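First up is the structure itself, then whatever we jot down about it.
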Amino acid sequence: MATKPKLYYFNGRGRMETIRWLLATAGVEFEEAEYLETRDQYEKLLKDGALLFQQVPMVEIDEMKLVQTRAILNYIAGKHNLYGKDMKERALIDMYVEGTMDLNEMIMCYPFSSPEEKEKNFALMIQRATNRYFPVYEKVLKDHGQDFLVGNQLSRADVQVLESILMIEEYEPTALSEFPLLQAFKARISNLPTIKKFLQPGSQRRTEPDDRIVETVNKVLQL
Amino acid sequence: MAGKPKLHYTKGRGKMESIRWLLAAAGVEFEEEFVEAKEDLEKLRKDGALLFQQVPMVEIDGMKMVQTRAILSYIAGKHNLYGKDLRERALIDMYVEGTTDLMGMIMALPFQPPEAKEKNFALIIERATTRYFPVYEKVLKDHGQQFLVGNQFSWADVHLLEAILMAEECKPDILSPFPQLQAFKGRISNIPTIKKFLQPGSQRKPPADDKFIAQVKKIFNI
Chain A
1 MATKPKLYYF NGRGRMETIR WLLATAGVEF EEAEYLETRD QYEKLLKDGA LLFQQVPMVE
61 IDEMKLVQTR AILNYIAGKH NLYGKDMKER ALIDMYVEGT MDLNEMIMCY PFSSPEEKEK
121 NFALMIQRAT NRYFPVYEKV LKDHGQDFLV GNQLSRADVQ VLESILMIEE YEPTALSEFP
181 LLQAFKARIS NLPTIKKFLQ PGSQRRTEPD DRIVETVNKV LQL
Chain B
1 MAGKPKLHYT KGRGKMESIR WLLAAAGVEF EEEFVEAKED LEKLRKDGAL LFQQVPMVEI
61 DGMKMVQTRA ILSYIAGKHN LYGKDLRERA LIDMYVEGTT DLMGMIMALP FQPPEAKEKN
121 FALIIERATT RYFPVYEKVL KDHGQQFLVG NQFSWADVHL LEAILMAEEC KPDILSPFPQ
181 LQAFKGRISN IPTIKKFLQP GSQRKPPADD KFIAQVKKIF NI
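Protein chains in written order, with full-length UniProt numbering: chain A, 1 to 223; chain B, 1 to 222.
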């Protein structure tokens, strides 16, 4: 019998959060190893040879120590039927999630901005969300009129777009005001039982980044 | 009958080069339309050809695909270069993400401020020789096979060769601590489709020069 996947990361969202979302959506129970809080813990992981490229995220799953966010997400999605039914659906899903991952990169890096750059980075992040990414997903939903982004069934694309929407809304609550279909999409996907559970207090979802996590990451990774 | 894939990008390596490598390795003939001025990019955007307003874009099998990884995954899957099962895929994905990170550093170098260049160059060499190449050296040593994954040619092999050659352009003797990688480089370079791509006159692009960097900065407003 397979043991639960075990996640190695900081006590924050960062690059691991999308992985938590996907596991939760698939109804897979997972554990978090001791959260990385000190340089010593990180150096121990390095010395143990647990991190292929000396980096986290790392997920122990099915007897593999998987690293690289996309490799981990691809594996989970493929294993749990969240990656479309053929190559063409995969291609669409891949395009859509790469868009969300570019947006998430901006969201993730924003708290690490230098004081001079913060305002500019915030504005660009919101602008990209509302001018580059959200219009694409709105149009996809409009054009096919289906409940899910790809192939009329739940996929990682739906999960990842929902995740991005919620994170942007934390910074700009009116971000979806021009996107009625995304508003309906948000409600619909949030109500799927496994996702609804993940969105409740007490779940393994991590909270918004704060100064403390920025400090911890900088310290552990010596950035 | 499907037409040849058509690549839309600048006339340089950038993010499109890995796609050129993979198509070439798979023996797929492709066409290119070059973005040479800002107006070319604007036209593509205005025509609605770029899903997220960005290149690379590849017209392939009736789709206008964007996002480098999406395109590479599609090509790899279509041409049997993505392993035989989910576990092999996971290995290939991990290895390719490593070489992507390394090549990303090399690609970014010409666009960095002059003060940072020396430090970043040193970091590239350090990462190549202490973080990335040792991993692939060990993979090959541990299983003793010709290819990185599953005892058959895959996207991971193509991508690693590309990364090795790019790193050697930075430091010609960079592979000297890595005998397995030296042999790997010789072996993979000799695969007929790859050998052809490595010859002058192929669609492989040269490293960026100052003139090209200036052009790219203008086109993309960076």
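For every residue, glycine included, the Cβ atom is placed at its ideal position computed from N, Cα and C. Since we're looking at a predicted model, the values are computed, not measured.
- Could you round the C-beta distance between A:Leu22 and B:Met94 to whole angstroms and report it? I think they count as a contact, below 8 Å. Residue mapping note: residue 22 of chain A aligns to position 22 of the first sequence, counting from 1. Residue mapping note: residue 94 of chain B aligns to position 94 of the second sequence, counting from 1. Not really, about 17 Å apart at Cβ, beyond 8 Å.
- Proximal chain A residues relative to B:Met65, where beta-carbon distance stays under 8 Å: As a position in the second sequence, residue 65 of chain B is number 65, starting the count at 1. In chain order: Ala91 and Met95.
- Message: Please confirm whether B:Glu97 has its beta-carbon closer than 7 Å to some beta-carbon of chain D.
- Response: No chain D appears in the structure shown, which is made up of the protein chains A and B.
- Message: Please report the distance separating the alpha-carbon of A:Lys85 from that of A:Ile93.
- Response: Mapped onto the first sequence, residue 85 of chain A falls at position 85. Mapped onto the first sequence, residue 93 of chain A falls at position 93. Whole-angstrom Cα-Cα distance: 11 Å.
- Message: Bridge partners for B:His8 per DSSP, in chain order?
- Response: As a working mapping, residue 8 of chain B is identified with position 8 in the second sequence. Partner(s): B:Glu33 and B:Met57.
- Item | C-beta neighbour in chain B for A:Gly145, strict 7 Å | Sequence index remark: in the first sequence, residue 145 of chain A carries index 145 (1-based). No - not a single Cβ of chain B is within 7 Å of the one on A:Gly145.
- A:Val214: CB within 6 Å of a non-hydrogen atom of the ligand HEM: What this structure holds is no ligand at all, so the ligand HEM is not there to describe.
- Query: Under 7 Å, do A:Leu192 and A:Gln183 count as touching if we go by C-beta distance?
  - Reply: For this step, residue 192 of chain A is matched to residue 192 along the first sequence. For this step, residue 183 of chain A is matched to residue 183 along the first sequence. No. Outside cutoff.
- Message: Using the three-state DSSP reduction, which class does A:Val217 fall into: helix, strand or coil?
- Response: Within the first sequence, numbered from 1, the residue matching residue 217 of chain A stands at position 217. Residue state, collapsed to three classes: helix.
- Message: Below 8 Å on C-beta distance, what does B:Lys15 contact in chain A?
- Response: Within the second sequence, residue 15 of chain B is the residue found at index 15, counting from 1. The premise fails here: B:Lys15 is roughly 12 Å from chain A at the closest Cβ pair, so nothing lies under 8 Å.
- Task: Taking residue 228 of chain A as the query, report the chain B residues whose CB atoms sit under 7 Å from its CB, ordered along the chain.
- Result: Residue coverage of chain A in this structure runs from 1 to 223, which leaves residue 228 of chain A outside it and unanswerable.
- Message: If we define contact as Cβ-Cβ less than 7 Å, is B:Gln145 a contact residue for chain A?
- Response: Along the second sequence, read from residue 1 onward, the residue named residue 145 of chain B stands at position 145. Chain A contact via Cβ: absent.
- Task: Over the uninterrupted beta strand (DSSP E) stretch that includes A:Met64, give me the two end residues.
- Result: Along the first sequence, read from residue 1 onward, the residue named residue 64 of chain A stands at position 64. A:Met64 -> beta strand (DSSP E) spans Met64 to Val67.
- Anything in chain B within Cβ reach of A:Glu163, meaning under 8 Å, just list it in chain order. Walking along the first sequence from the start, residue 163 of chain A turns up at place 163. By Cβ distance, chain B contributes nothing, its closest Cβ being about 17 Å from A:Glu163, past 8 Å.
- Check each residue of the UniProt domain "GST N-terminal" (3–84) of chain A: if its Cβ is closer than 7 Å to any Cβ of chain B, include it; give the result in chain order. Leu52, Phe53, Gln54, Met64, Leu66, Val67, Gln68, Arg70, Ala71, Asn74, Tyr75, Gly78 and Lys79
- Cβ-Cβ separation, A:Tyr9 to A:Leu46 (assumed contact under 8 Å), whole Å: In the first sequence, counting from the first residue as 1, residue 46 of chain A sits at position 46. In the first sequence, counting from the first residue as 1, residue 9 of chain A sits at position 9. Incorrect: roughly 15 Å between the Cβ atoms, too far for contact.
- Message: At a CB distance below 8 Å, what residues from the region 117–142 of chain A approach chain B? Give them in sequence order.
- Response: Arg132, Tyr133 and Val136
- Message: In the DSSP assignment, the beta strand (DSSP E) including A:Val59 goes from what residue to what residue?
- Response: Counted from its first residue, the first sequence places residue 59 of chain A at position 59. From DSSP, the beta strand (DSSP E) with A:Val59 extends over Met58 to Ile61.
- Item | Inter-residue Cα distance where the pair is B:Pro113 and A:Thr3 | Here residue 113 of chain B refers to the residue found at position 113 when the second sequence is read from its first residue. Here residue 3 of chain A refers to the residue found at position 3 when the first sequence is read from its first residue. Cα-Cα distance, rounded: 48 Å.
- Query: Under 7 Å between C-beta atoms, does B:Gln180 make it to chain A?
  - Reply: Counted from its first residue, the second sequence places residue 180 of chain B at position 180. No, because no Cβ of chain A sits closer than 7 Å to the Cβ of B:Gln180.
- Task: Specify the secondary structure class of A:Tyr133 as computed by DSSP and reduced to three states.
- Result: Within the first sequence, the letter at position 133 stands for residue 133 of chain A. A:Tyr133: helix per DSSP, three-state reduction.
- State yes or no: is the beta carbon of A:Glu98 nearer than 7 Å to at least one beta carbon in chain B? Your numbering for residue 98 of chain A matches position 98 in the first sequence. Answer yes: the Cβ-Cβ gap between A:Glu98 and chain B drops below 7 Å somewhere.
- Message: Is there a C-beta anywhere in chain B that falls below 7 Å from the one on A:Met167?
- Response: Within the first sequence, numbered from 1, the residue matching residue 167 of chain A stands at position 167. Not an interface residue.
- Whole-angstrom distance between A:Ala91 and B:Ala78, CA atom to CA atom: As a first step, residue 78 of chain B is located in the second sequence; it is residue number 78 there, counting from the start. As a first step, residue 91 of chain A is located in the first sequence; it is residue number 91 there, counting from the start. For the record, residue 78 of chain B in the displayed sequence is Lys; it is not Ala. Each residue's Cα considered, the two are about 11 Å apart.
- Task: Please check the pair B:Lys6 and B:Val55, which I expect to be a contact at CB under 8 Å, by giving their CB distance rounded to whole angstroms.
- Result: By one-based count along the second sequence, residue 6 of chain B stands at place 6. By one-based count along the second sequence, residue 55 of chain B stands at place 55. Not confirmed; about 12 Å, so no contact.
- Query: So, is B:His143 buried or exposed, given that buried needs 16 or more other C-beta atoms within 10 angstroms?
  - Reply: Taking the first residue of the second sequence as position 1, residue 143 of chain B is located at position 143. So B:His143 ends up on the exposed side.
- Item | Partner residues on chain B for A:Met87, Cβ-Cβ distance less than 7 Å | As a first step, residue 87 of chain A is located in the first sequence; it is residue number 87 there, counting from the start. In chain order: Tyr74, Gly77 and Lys78.
- Query: In whole angstroms, what separates the C-alpha of A:Met125 from that of B:Phe220?
  - Reply: In the first sequence, residue 125 of chain A corresponds to position 125, counting from 1. In the second sequence, residue 220 of chain B corresponds to position 220, counting from 1. About 18 Å.
- Message: Counting only beta-carbon separations shorter than 7 Å, does B:Arg45 have a partner in chain A?
- Response: By 1-based counting over the second sequence, the position of residue 45 of chain B is 45. False, the Cβ-Cβ gap to chain A never drops below 7 Å.
- Query: Is the number of C-beta pairs between the region 155–175 of chain B and the region 63–82 of chain B that are closer than 8 Å three or more?
  - Reply: yes
- Span of the alpha helix (DSSP H), counted from its first residue to its last, around residue 223 of chain B: Any answer about residue 223 of chain B is impossible in this case: the structure gives chain B only from 1 up to 222.
- Item | alpha helix (DSSP H) segment containing B:Leu181, residue limits | Residue mapping note: residue 181 of chain B aligns to position 181 of the second sequence, counting from 1. Pro179 to Ser189 is the span of the alpha helix (DSSP H), which, as asked, contains B:Leu181.
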